[in-house]
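Right, one structure below, let's go through it.
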Amino acid sequence: MVKLTEVEDEHFTTEKPIPTKEALLVSDNEDDEDFTDTESEISEVDSTYDPINETLYDRIVALKDIIPPQSRRRITATIAGLSDATKSTFSFSGKALWVISTSAFLLGVPWALAFAEEEQYVQMEREQGMMRGANEMLTPGTNAAAAALGAAGTEQPKAAL
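What follows is the structure, encoded as structure tokens:
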């Protein structure tokens, strides 16, 4: 069986003097050393402090002690999470843009060239059809003579596609 014994800290066992009204105004350096309400080091006031030469950065850094440590950790974690999310979003966007653009070049350019070539063939056939129609109008009966020759065994040359 385990027996528990209480061990008192000597800091708590020593008698402290009872403060009086005058003693409250006097600071006790021993008590100030043990007291910390933040995790940061509080800057000591320098005797050469010049408020005129103080920069905005110095003032913002001095505000660090006002914000409690839990709030600072929460703010830091939030900012870190947002920056990580932003970095991963931009990374994914860049990779996706690369995939889409290379796919467009590899698949889209050959398709566009083939489509343009097909359109060119269709346009040439239309022009040839218009030229035949114009020839028939200028020289009527040519088709009748060509049909008679075709029936006799002579073949007309055809356009190759």
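Take -14 as the starting number for the sequence shown in the numbering used here and just add one per residue.
Backbone N, C-alpha and C define an ideal beta-carbon position, used for all residues, glycine too.
DSSP three-state assignment for P53, whether helix, strand or coil: Working through the sequence shown from its first residue, we reach residue 53 at position 68. Coil at P53, not helix or strand.
C-alpha distance - S88 paired with S56, whole-angstrom precision: The count along the sequence shown starts at 1 and reaches residue 88 at position 103. The count along the sequence shown starts at 1 and reaches residue 56 at position 71. If I take the Cα positions, the gap works out to 48 Å.
Beta-carbon proximity of I60 to I52, cut-off 9 Å: The residue you call residue 60 lines up with position 75 of the sequence shown. The residue you call residue 52 lines up with position 67 of the sequence shown. Yes. Within cutoff.
Terminal residues of the alpha helix (DSSP H) in which L98 lies: In the sequence shown, counting from the first residue as 1, residue 98 sits at position 113. Element bounds for L98: V94 to L123.
Helix, strand or coil at E(-7) according to DSSP, with G and I counted as helix: Locating residue -7 in the sequence shown gives position 8, counting from the first residue. Coil, per DSSP.
Span of the alpha helix (DSSP H) around D43: As a first step, residue 43 is located in the sequence shown; it is residue number 58 there, counting from the start. Segment L41 to A47, the alpha helix (DSSP H) holding D43.
Chain C contact for T(-1) (CB, 9 Å cutoff): The displayed structure is made up of one protein chain only, and chain C is not part of it.
Where V84 sits in the DSSP three-state scheme: In the sequence shown, the residue the question calls residue 84 occupies position 99. Helix.
Length of the line joining the Cα atoms of G114 and E102: Position 129 of the sequence shown holds residue 114. Position 117 of the sequence shown holds residue 102. Distance from the CA of G114 to the CA of E102, rounded to the nearest whole angstrom, comes to 19 Å.
Inter-residue spacing [alpha-carbon to alpha-carbon] between D43 and T33: Translated into positions along the sequence shown, residue 43 becomes position 58. Translated into positions along the sequence shown, residue 33 becomes position 48. Roughly 15 Å separates the two Cα atoms.
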